[in-house]
Each structure stands twice: as C-alpha cells, then as structure tokens.
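Scroll down for the structure; my scribbles are underneath it.
4 protein chains.
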Amino acid sequence: MSKGRVCLAYSGGLDTSTILVWLIQEGYEVIAFLADVGQVEDFAAVEKKALQLGAKAFVCENLQRELVDEVVKRAIQCNAVFESRYLLGTALARPVIARSQVRVAEKHGCQYSNGSVSHGCTGKGNDQIRFELAFHALNPNIEVIAPWRLPAFIERFKGRNDLLKFAAENGIPVSSTPKAPWSMDENLVHISYEAGILEDPETTPPKELWLRTIDPRDAANEPVEFSIHFDKGVISKVVVGDKEITDSVESFKALNKIGSEAGVGRIDIVENRFIGLKSRGCYETPGLTLALAAHLDLEGLVMDSRVREIRDQFVSLNWSRQLYNGMYFSPEREFIDNSIEFSQRNVSGVVRLAAYKGNVTILGRSSDSSNLYSQEDASMDSLEGFSPMDTSGFIAIQAMRLKKYGEQKRKDGAPLSQS
Amino acid sequence: MSKGRVCLAYSGGLDTSTILVWLIQEGYEVIAFLADVGQVEDFAAVEKKALQLGAKAFVCENLQRELVDEVVKRAIQCNAVFESRYLLGTALARPVIARSQVRVAEKHGCQYSNGSVSHGCTGKGNDQIRFELAFHALNPNIEVIAPWRLPAFIERFKGRNDLLKFAAENGIPVSSTPKAPWSMDENLVHISYEAGILEDPETTPPKELWLRTIDPRDAANEPVEFSIHFDKGVISKVVVGDKEITDSVESFKALNKIGSEAGVGRIDIVENRFIGLKSRGCYETPGLTLALAAHLDLEGLVMDSRVREIRDQFVSLNWSRQLYNGMYFSPEREFIDNSIEFSQRNVSGVVRLAAYKGNVTILGRSSDSSNLYSQEDASMDSLEGFSPMDTSGFIAIQAMRLKKYGEQKRKDGAPLSQS
Amino acid sequence: MSKGRVCLAYSGGLDTSTILVWLIQEGYEVIAFLADVGQVEDFAAVEKKALQLGAKAFVCENLQRELVDEVVKRAIQCNAVFESRYLLGTALARPVIARSQVRVAEKHGCQYSNGSVSHGCTGKGNDQIRFELAFHALNPNIEVIAPWRLPAFIERFKGRNDLLKFAAENGIPVSSTPKAPWSMDENLVHISYEAGILEDPETTPPKELWLRTIDPRDAANEPVEFSIHFDKGVISKVVVGDKEITDSVESFKALNKIGSEAGVGRIDIVENRFIGLKSRGCYETPGLTLALAAHLDLEGLVMDSRVREIRDQFVSLNWSRQLYNGMYFSPEREFIDNSIEFSQRNVSGVVRLAAYKGNVTILGRSSDSSNLYSQEDASMDSLEGFSPMDTSGFIAIQAMRLKKYGEQKRKDGAPLSQS
Amino acid sequence: MSKGRVCLAYSGGLDTSTILVWLIQEGYEVIAFLADVGQVEDFAAVEKKALQLGAKAFVCENLQRELVDEVVKRAIQCNAVFESRYLLGTALARPVIARSQVRVAEKHGCQYSNGSVSHGCTGKGNDQIRFELAFHALNPNIEVIAPWRLPAFIERFKGRNDLLKFAAENGIPVSSTPKAPWSMDENLVHISYEAGILEDPETTPPKELWLRTIDPRDAANEPVEFSIHFDKGVISKVVVGDKEITDSVESFKALNKIGSEAGVGRIDIVENRFIGLKSRGCYETPGLTLALAAHLDLEGLVMDSRVREIRDQFVSLNWSRQLYNGMYFSPEREFIDNSIEFSQRNVSGVVRLAAYKGNVTILGRSSDSSNLYSQEDASMDSLEGFSPMDTSGFIAIQAMRLKKYGEQKRKDGAPLSQS
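Chains as they are written, first to last, in numbering that gives the first Met the number 0: chain A, 0 to 418; chain B, 0 to 418; chain C, 0 to 418; chain D, 0 to 418.
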C-alpha cells in the first residue's frame, strides 16, 4: 500500500536518482520535478531517466521569467550583496523553485499524509533551509522528506561508493563522465562551485572550473560598450551595438553574454552559512555583476543622499541576508520589499558601460527623472544660487560640539593635536 | 601694524599664491605650510615660491607615516567605503594634514587674535568642512580665514581671469603649462579628479586624465602575483616576487606600484557631498583597492559571522561617513574606532592575490589565528561531529513563525504559492 | 514704499508684537498668522492686538485635525520617541503650522521679493530650524525673515528691557501678569517648559509649573479604566465609562483628559538639540503617553517579531529623529513613512488600560487581525503541533558557532567558565 | 553500573525532584545544584530534600555579586530593554547560573561520557536555550540532559498528574500549598509570572499575583526621595534618607526596597520568544527600573549626542537581544560589551529621584565629568560665544537638498504645501 505521493526535486544525478528509487522502495509514489531556471541541461534526458526509474510523472516548469521579474529585479533594485561580495546567485533562484515545486505537489495530489515534497540537499548546506522554509510558508501543512537528514538513509548511504553500489543494484544509469572534484549549482544568474578540492581555502580554483565566463586573459582585446536603461530601478532596455533588447529575460541574457565573453563576474570567497559553519565558494555571475554596477551608478545620480544612507544600512543588508538565509517567504522580506520599491521611484535613466577582461567601467550616465544633480550647482566655478557664507555658518554650528570635544581632551591632558 | 600671523596651507598654485599675497596685503604675516602626504611635487620649488611671495617661513612636514599608520590602517581594518564605491582617498589624508597645520600654526605663533590658519578650499566642497571641523576640534580657540567664503575676496576674484590679473600685478609666477580642464587632489592613497569637463556626468574621462594607473588595456599581459600578510587587521608584510616588504609605508607603496602597473583601482561616480550637493568624481586608488580586497577576503576566513554582521551594518558605514564628512576628530569616530580595533583581534593571516589589467583576483588565503574555518566541518562529505538531524529541528523551529505567515496569507485570500 | 508683504507667525506676546511693529517700521506690510493647534488662547484678543499694531490682516487656522490625522497618527504608529524619552510634542506640530503659514503667505501675496514669512524663534533653538526647513521645502522660492538672527535686530534688542522700552514707545500693550521664569509651548499634544530657572539641570520644576496634568499626588484615588481601539495602528475608538468616542480629534482629547486628570505624562530631561547644544526641557504629554502605551502593547500581540526588530531599529529611531530635527518635509521622512504604514497592516485590536496617579497600566488586549498569538502554542502545558525535540536541533545548530568560540577561549588561556 | 555523573539544576520543586529521581533510576549519579541569585528560598530545605531523594551531593553557590557586578552593571550601562519594555530580569541571571553550574559539574567530575549537566526547563521556553547555549560555549564538550525534550521522559510524564503519581510512588514530598495558577521565576532583579491563567492575554493579573512590589494604590502617600551616584555608568552609591550605601549588591537591594515599597516596576506584556512563539509575561523589577531611569537621565546630561545615537541604535538593541536570546557567551556580546564600556567613560554624576505610587520622577542631576552641558550655552538669553547668524548658514545648507525635494514635488504636480 502506498504511503502517499511525494514530489521530488529531481536533477537526474546520482543523488536524486538514488532518492527517487529509495522513495519508491519505501512505499511512496514519486512525481519528479525539475525547474528550468536557465541552467544548461538535457531536459528530455532527465525526464526519460525519471520515468525509467519509476516516477509516476515528470514535470518541468520554466521559471526563468519568474526568477528575473520577481527576484532578480529586487536584487538589482536594492544592490543586493551578501557579506560584501556574494551576489546571491543560488539564493535568488530558490524561492521560485520552491514555489513551483509546491504548486506541482499540490496539483499532483502530493499532499499531507506522509508524503509531500522531497529534495536531495545535504544536511550541512544552506539550500535545505532555503527550500524547506519556503515550503513551510507556502503550504503550512506540507510534509518534507529530506533523506540526507533521515537516520535510515544516511546510515545506508555513507559515501559515494554506497550510492554507486545501489545504482548498480537498481539499474540506475550512471554518467560515464568522471565527476568533477567539486559540486556545482547553475541558473540564469550564476554558476556556483564548492566542496571537494575547494574545501581547502588555499587552493586556487583551476582554470577549467569556470564554465560560464571566459578567463579574462583569454577574453577579447577590445572593450565591449553597451548601455542599460532603467525605469524605476528595473532594467527596461539593454543596448549593445545595434541591438536593443527590451524583454526582461532576454535583456538579462544579453548582459550574461556580454559579461561572459569579457570574463566579468568571478569571485572566490569564504562565507558564513546560516547554520553557523564557514564554507568556501566560487561564483561566476556575469550579467548581474554588470546590472548591479550600472544600477549603483545611476542611483548616485538620482537618489537622495539621506534616503540612500538609510536604504543602504537597513534595506540592502537585510534583504540580502533574508535571501541568503532562506527567508524569502517571510513577513520581514515583504516589509523590506515595500521599502525597496518606494526607494526606486526616481531611479530611471541610462548608464553607458564597457566590459573588458574582467572589468566593468562606467562611461557615463544620464536621467530625466530627478532634479538632484545639477551641473550648475555642482560646479566649483558657479556661485549661482549659492552663498559660500552659508557654509561658514554650517561649519560653525557643526563645530560647536567638536570644540567641546577638543576642550575636554585638552582638559584631560590628551590634546587631539598630538599625533 | 600686523593683524597677526596666519598659517596658510600653501600648494604653490595660482589660488593659494593669490591668497598668500592677499593675506599679506590685508596685513597678516604668513607662514606657508605644505604637507607631504605622498603627492608628486617639487617641494623645493614650492618653498622658493612661498618665500619669494613674502611668506615669513615655509614649513613642509612629511605625514606619510601618520597617514598610513593611523588612518589608512583603520580604513583597511573596517573595509571603509563611502556610498558603496568611494575609497575615501582625499578624506583619509585631511585629518593628518589638519593636525600638522595646527601644530605648525601653534609652534609659529599663529594664534588667536585674528590670524591663525587659512586655506584655499572653495565654498562648495567637502574639504573646507573636513579641514575646518578638524581645526576647531584640534584647537577650540582657533580662527580660520577661508578667503573663498569671504565676501571681500570673492567679490574681487570672480573668476580665473581676476586671479591671473592679480598675479601679473603682484609678480606671482604662473605656470606656463595649460591648466587641465579638471582639478586634482593627490596623496599616497589616491588621485582624485573632479570639476571642469567632468561636471557633465555623461562625459567619459579622457584617457590622459588618469595619472596614477596604467590603462588596463595597456597593462602587462601577465598577472602579477603577490601576497599580503595581516596582523590584527594591519598589513604586516607584502611579498611580491622575491621581495618582502615589512615597513608600513613601504608596503603601501609596493601595493600602489602593483596596482598602478596593473591598472587596478579606477572608479567614476556621482556622490553626495556633505553640504547636500551631488558631484561627480573620478578616483584612482591602486594600492588601497588591493589591500581592501585582501582584508575583506581574510575576514571571511577568520571573523565570526554575527560580529561581522553587526560590524558591517554599524561600524563600517559609520566610520566611512564620519571620514567623508570631516568628523575624524569627533567623539563618535573615537567610539567607532574602539569597535574596529576590537573586531580585528583575530584577523591575522596571509592572502595570495593576482593583479591583472584592472582586476584583483584572490588566489588563496590561510590563517593560524582562528578556529572558525574547518575543512572537516565545512565538508559536505564528512559528518564528523555533526548530526544532520539537528538541522531538521533548526528548520522546524525557524518555520513556526513562517507557517503562521503562510496561514495568514491563505486566510487573507493571497496564498504565497500563487506567483 | 513697501518692501513687500510678510506673513508673520504671531502669538500676541511681547516678542512677536515687537517684531510685528519692527517689520512695519522696516517697510513691510504684515499679515499676522496664528495657528490653532489646540493651545489655550484668547484668539480674539490676539487678533485684536495684531490689527491694532498695524497688521494688514490676521489669519487664524484651526490645524488640530491635520495635526492629529497626519502627524500624531504616525507618531503613534511608529512609537515615536526621541532619545528614549521625549515624545516630540512640539516637533509634531511644527510641520502643520509651517504648511499652513506658507499657504496663508501664498494666498495673501506674501511672495518672494524681500518679504515672505517671518517668525520670532530664537537663534539657538530647534524651532527656527523646524519652521525654516519646512518653509524651504514647502516653497523653494520663499524668503524667511528671522529677526532674532538679524544683526540689526539683535543689536537693538539685547534683552527684555529693550523690548519693554520699545513696547512703551510704540504703544504695544504688555501683559500685567508677571512673566513666568521659563518659557512654554503648547498644543494639543503637550506643553513644554524650558529656559529660565530650568536651565539649571539640578533645579526641580516647581509644582505650579505643570499646567496640563494634575500632580499625581493630587490625582484621584481610584484608577480610571478605559480602552483604546486601533485599526491598522490608528486609534479608531476610545471607550471610557459609557462614552464611546470615534472622531480622531475628540478621541485624542478624551485621552488627554484621562491622562491629565490622572497626572500621567510628565517628564523632565536633558536633550540634545539639532544644533549641537544640550538643553533641559520639562514636558507633559498626557494623551499621547496613554496612546503610545496602548499601541506598543497591541503590537506585542499582533506584530511579527522580526518585522518589529527591523522596524524598531530603523523606522522608529529615524522617524523620531527626522521630526525632532525638522526634517518632516523631506524625502527620507516620506521613505520612512511608507514603511510605517506597511508595518501597521495587522495592528488592529483593543487594549484595556487604567490610569492612576501618574501610572498607565495595561489590563488586557485582544485582536482578531492576527494569528500570531495562540494560547495553545504559547501554553507550556500543551505540545499540540510542537515537538520539543526540534528545539534540541535548534539549540545544537545555534551552539556550533558558540562551541568554537568557547574552544578558542580555552586555547587562548581565558576559558569562559572562569568568572 | 553508573552511566556517569550529572549536575542537575535543582529547585526542590515537583519537576526537578522528579527529574532527580528519574535520573538516578536511569543509572546516573546526581549532583544537585542550586544557585542563590537572590530569590526567597529555604535553601536548607532544598538541600535536605535533594539528599533525601538520593543526590550524591548538594551544592549551592551565592551568585548575587557576579550577577550585579558583571551582568546587571552592563544592563544599566546600555539601558537594556527588550522590545521596548522587558528589562530582561530572567535573562540577566541565566549566564551566571549556567557558568556556576558548569564549574560545579567540572569540579564534581560530571564530565562528558553521557552525563554532565541537566535542567528542568520545558521545551517551548527561552530558558532551555539560554542555559544550553551558555553550557556549550562554557564547555564545548559538555553533554546536556534535557528531560523535557527526551521522548522517553515526555511520554511518561504527560501532565501534572503523572508527576504527582511518580512522587507518591517514589517518596518525593509534595508541597501541600496549592500551586499558583501561573509559574514564577525569581532573582535579585525581578520576579516573572507566566503561563496558566496568564496565557489569556485579556486576563488582568490578579492583585495577589504580585509578590515583590506593593500595589501602587496601597503604597505610601508620600514620595521617597533618594539619589544614585554613577561612576563610568556604574552605580557607586545610593543615598536614601541618612543612609549611604556603596557596596554594589547592597546598593541594588536598597533600590529594590525603595521601588518595592513604592510599587514601581510592574509590567504586563506579550513578547516574542526566541523560538518564534509569542508569550505573555508579567514582570516586576523595582530596583532596576529606578536604576535605569537614573542612568538614562544622567546620559542626557553628559553623553555626546552622536555617540548616543549610534549607541542607541546598535549597542543597546543588540545587547538586549543577545541577552534575551541566550547569546551571553558569544563573540558578538563580547564585541558589543567593549562598546558599552567605552561609551560610559564620562557617565559619572548624581541623579536625584523620587518614587511614588508606581512612578519614578527625576528631581535633578549633576556631573563634573563632562563639559557638554553648559547653562550659558543652553541659555536662550545669552549669546556669549554664539553667533545666531551661523544658524542661518546652517539652515541654508540643510535646506539645499530639501528645496530640490520641494521643487520636484511641484514639478510632479504634488506640491508639499497641499494638506
């Protein structure tokens, strides 16, 4: 008798193929689910394999537009970055994948009694948390089967050899390509590399690791110039050469192509996972790196300084952390999102850039949406509408508090003028 | 009869030469002061010109070590950056220059009754504020003569032509080199370019503008590899090729050279001045760009995640803004400094890097000072000392609040699973 | 010939009467403006005096509803408090007064050439800044005449005796009531007392100073019970005894009455003015004290903990400071306001309170708008829907980082278990 | 054969008596531990009961001084408050209790193999987390036995009746006093009440619930005046009537007595537990309420405004949350502590207060440690050392940005002057 139906996030790889077969052996019916978030993948082959291994059905959803229009959009609008460097490539895709998987589970009757959704994430990583927190918010009654955290499963599959043995015993096809000595995650935004040889933070990633971007040393010897148009902080057009791309997904892909060919967007960091472990990751994020550079630049031209200061300190840092920690479907993300949107009302304009061998350079920027930058105001040569004597008063008032500070230091025998 | 003695920050240029002569004509005795903060300068020529124009004395102080050991050190320790991009090159030097000028003024009897210190900063910029707030804290009784904010002076000198006319009438030598169509500020940390043709934010800076860094396109075709050693967040050694540099100033210069030759550290931004105007600046900061990349990387390896989160949000943003706004000699900077130092107790180790045509790449990092990174802990393959079942509990507890959020959304007719 | 028309904020007191006459003597036409923000005032007498002294017109606008519905509303919604104690009574009224004065100035042709708006605020206080920053945002072309910052005026009127002499010479009626040895500001929200004998921070305010609240020792011996209903963070009803008040202004007045009679809402503090001086103020704010206590309590019941944490740290502190510093009409206040409103979507419910001799006590609270509080969930006796074993996992994961911290301390010879 | 030795936090109540006997039945040797943190307790009776039930030893440590000198001190220095109202009474005591228990466990050989420390906290509360996170940091090898989260234990003891039955069967004496319909926690700082009838947030706590403070209605009809002296933010003396108390513990007890007799320090709130549940708590904290009021007041007089602003936003909020969440022994608490201490260098002086029927009133304050408050500077009547014209410049510069904001609004058809 079936224990119920489970919607399994299925990649076609050894881990999730094992889980698929194991779930069936445990008495579940399995719906195999695969999200198309822009990764390079032979979707038909994955489908064939899933069905061959006994899945009741295979469902693949194209989520590229949701990813770009809902999540990447906000990342750009708030200049999202985690721990000063990581552009959140994996974390951005998790919410749309989880939501789609819950939709598929609900549609295919994978509900509640025992079975519901399952995934192959390991027990030490961020992704299990991102998926599961999303699942629970999306459907508060859901049940999650996380084999890599089930004693019975991890007792049985203690290493890759156990998986290979199980595969051989159960007719699970295993790729003949040798496994790379690291693991990868890929979507429209980035490819991440971690684990394996990368666990030694001293090991420089080998040249062949990087799949999405050309090595800057091999990139073209001439810069590529292009421009990005923004409307309220959202990319509305990318212009490169004589091409104008306005569709959001296509625009993002165009930026990916420019960045990829110019070797832009590689980073190599040690970061702090939500569960309190440090881990080392290498990431390549060509298009988003370009988009963020342009957006940040445009905000310099059009955003009020004090709004920006508050936004930087509380909106950008919080949103980035929320995404990293899997708190996308949360009241606090919704709260912060509301601020992001409001902050972008005047962020419209055009930024011209060049990409060259790993670099992004701003060539110029313009906007009609804001009166904050004024050449005349900024000009050191013009005093139109400006009385320099006002600055004397401004300084005098600011100095009142500082004079007291200096006096106190003198009184305390530690004058500030001593070096 | 003399109105008193004034210590004038004197650069040898047309503006401060005019001010020097004007101050004498107004009845002051002038001590000309020049800070050596690492700029390229013919110091002897400036001295000769000052004395020739009537200065009572000329004093030049080498402040490079103070700059590096007191201020640049802290900037690196807290990953200082203003508005996400500006590395504060000019702002870092102002405190040590102001302090030196006050010391010189005090030593040379430029005190209080009317005369004291003077400078040639314009009335719209940040530097007047940075200098003067420092002056007032350093010596709460000081008087500041800021000619570009004095009605009598600005009425008389309405443009460059008035200055040239005054120079001709008063025997002030004027350089025959045509003035660049922008203004510059230079020190050990950076060169800044602003004003003139740069006031149009659409104008790409011409190739010849950049003086400190080679154009990435003209830089060497091979990366330069080097390493930076840190002790409690402070650079203790730079190793490049077979050279090991341990002196702080020489280490910084070595980084400048590497960055300069590889075309690293150019930015072009629109920023928000303290007085509320936006302005466009181009900056090249080769060495500090490298130092910051290395320091940030090392912190990933050794700093506790939650300390880092608090530090990023409060310490780094506040310190950067304090420096930008001229609040170096302030109780709040002292308060923040105390946190910076404490945060760096474990930030010791080595980072290996490469510089190549505008890029900085991290090659690897190591540290003996912290137990926070552990290959075994991080490893996805090892469960030593880790029970994945704990993560299930962690997720379940985190999900309690989110389930309620999801339930409320369903009740409100806006289930989160809808896209 | 007239220099132009000026709209003067006129209170009928000695200072603004002197200014009124002085402005006329200086060649201006004066429109006297008085805002009714709920203060106790003989409005007819002020009008009569203004016209008698030569004002071209007298305009009084009742701004009580604007004050409550626009500004006090937000203060309650975000639990506004400055420096942990001051409820911003004066600061809340300034924006609506300034806006009304600008409207009156515009309507009565007080525009631009020389004349526009004028006020009697002194040069050291916060109010001059609050009014003038509002004026400039409300009408960027406005001109402000601030006599207490004009050299000619302050030279002439060096103390109260000069004002009295001018009054005698110019037929300005002077109240025979002796002036209190402090100054006051009054509106619907509070009365403030400062200056004079209060400038000594050791001086306890005399019993007769407090005008709006009964001394707790003289207040009724029985508590008054009442309830406040909130709809999205806004007071929708006040119930006291058998009275139900739903009008916003009347509700606020009812709270004032309850608080006033129970001696609730007195504070005595030293605060930091925007211009950098410390000053001592005594404030009594009966109704708002009650409203804030109730609102804060209700948020405990219905607001998500993490939204609250972010809101407390960024929204409440920033809004309060913005109001204190006169930045109501600013992009940053608008930005923060947007967050406040969003944060209050579920803040609906009823809080029952008691007021007694200076105290506010919460008697109970309830809400239908949120599912966050659940007696069953909270109950220590019920494990329905809760697995205590999950907490073990939660703790184990949280402890990973702390164990490393403890290990490092032991290694460093400073074990945490030493006291 | 013994499973090992366990140090059990033992209160003498039904729960921990049951656990004591159960642990012995499970094969452990039990060291009973009781902390004296200032609660009212018959310590000899608890000891007798523990030994009678089979404990190998009973250890009671007096931790009052550690509590006051290490933790309460910091709470006062940073004005600690959780969610705007809770003064953290329970949370402050947990770190010293946990540290003492670990010391006792180590000294009595309760180490590692199976046995170590145990407690009777329930699985939904904050205290289990506070104790255990502390245990793990204090001794990273420790093992914790938390019976209320062990399936075997909670299966067996499903309610109070099971405990009573077990007591009867095992000779555990049960108090004949009927159990109060809520639970309590008591220490030098406060008594907390929660659970039972308090789980309904509409239920007003009955008069007899409050044990530490007199009902304000029954308190004395005359205020008690007293003063608190601070040295660097630490209470150095309490003066009441003709008594001067300088010992830190005695000073705190003196404040408790004053507050208790005047009915000061009761609150009733709904708060957010760390694990994501809301819970309702009633707390009475007489002495700390007085101490915090005095400390906050003194800071107004002596602390720089900008230091205070940063401190309020990042130090106070973070420290309070760290304590609430059990993160006392953590790198981030240590990081924040370092800032607290630095911030208090000038916080020395005397505050005079009165306590009366639930109220704390500030009567006056003075300090010799800071030059920040100056009667002359603050005085509205004195212009000594102050030029009001400077304020004009200050306002003009601040207004530049706001004028642009107003202009943009006009251009957008939404002038700010519209109400």
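Virtual Cβ for every residue (Gly too), placed ideally from N, Cα, C.
Computed from a predicted model, the values in this text were never measured in an experiment.
Asked	Found
Chain C contact for residue 399 of chain A (CB, 8 Å cutoff)	yes
Proximity test, Cβ basis, 8 Å: residue 363 of chain D and chain C	yes
Contact residues within the segment 273-300 of chain B, judged by C-beta distance below 7 Å to chain D	274, 275, 276
Per-residue burial, residue 180 of chain B [other beta carbons within 10 Å of its own, 16 or more giving buried]	exposed
Inter-stretch contact at 8 Å, needing at least 3 Cβ pairs: the segment 131-148 of chain C / the segment 114-122 of chain C	yes
Span of the alpha helix (DSSP H), counted from its first residue to its last, around residue 192 of chain C	Segment 190-193 is the beta strand (DSSP E) holding residue 192 of chain C; no alpha helix (DSSP H) there.
Residue 421 of chain B versus residue 377 of chain A: straight-line alpha-carbon distance, rounded	Because chain B spans 0 through 418 in this model, residue 421 of chain B falls outside it and cannot be assessed.
Per DSSP, the bridge partner or partners of residue 118 of chain A	Answer is none; residue 118 of chain A lacks a bridge partner.
Beta-carbon proximity of residue 38 of chain A to residue 220 of chain A, cut-off 8 Å	no
Proximity below 8 Å, CB of residue 335 of chain A to CB of residue 321 of chain A	yes
Alpha-carbon to alpha-carbon, residue 340 of chain C and residue 300 of chain C	18 Å
Closer than 8 Å to chain A by CB, residue 328 of chain C	no
Own chain partners of residue 52 of chain B with C-beta closer than 7 Å, once the 5 adjacent residues on each side are dropped	16, 19, 20, 171
Residue 22 of chain C versus residue 40 of chain C: straight-line alpha-carbon distance, rounded	24 Å
Amino acids of chain A, ordered along the chain, whose beta-carbon sits closer than 9 Å to that of residue 137 of chain D	Near residue 137 of chain D there are no residues of chain A at all, since even the closest Cβ is about 17 Å away, more than 9 Å.
Burial state of residue 138 of chain C (16 or more Cβ within 10 Å)	buried
Environment of residue 205 of chain D [buried if 16+ CB atoms lie within 10 Å]	exposed
Three-way DSSP call (helix, strand, coil) for residue 399 of chain A in this model	helix
CB contact check: residue 231 of chain C to chain B, cutoff 8 Å	no
Reduced DSSP category for residue 17 of chain B - H, G, I as helix; E, B as strand; rest coil	helix
Contact list for residue 388 of chain C against chain B, beta-carbon separation under 8 Å	392
Amino acids of chain B, ordered along the chain, whose beta-carbon sits closer than 7 Å to that of residue 33 of chain A	Near residue 33 of chain A there are no residues of chain B at all, since even the closest Cβ is about 17 Å away, more than 7 Å.
Residue-level contact to chain B via CB, residue 73 of chain A, 8 Å cutoff	no
Residue-chain proximity (residue 306 of chain D, chain B), Cβ-Cβ < 8 Å	yes
Proximity test, Cβ basis, 8 Å: residue 98 of chain D and chain C	yes
Per-residue DSSP class, three states only, for residue 39 of chain D	coil
Residue 161 of chain D at chain C interface by Cβ criterion, 8 Å	no
Runs of alpha helix (DSSP H) lying entirely within the segment 24-110 of chain B, each at least 4 residues, in chain order	42-51, 72-76, 88-106
Interface partners of residue 404 of chain A on chain B, CB under 9 Å	136, 139, 328, 329, 330, 333
Backbone CA spacing between residue 199 of chain D and residue 351 of chain C [nearest angstrom]	14 Å
Residue 236 of chain A - containing beta strand (DSSP E), residue span	233-239
Assigned exposure category for residue 176 of chain C - 16 Cβ within 10 Å defines buried	exposed
Contact list for residue 385 of chain C against chain D, beta-carbon separation under 8 Å	122, 123
Which residues DSSP lists as bridging residue 229 of chain D, in chain order	D/234, D/348
Residue 8 of chain A - partner residues in DSSP beta bridges	A/32
Supposed contact pair residue 353 of chain C and residue 222 of chain C - C-beta distance, whole angstroms, cut 8 Å	4 Å
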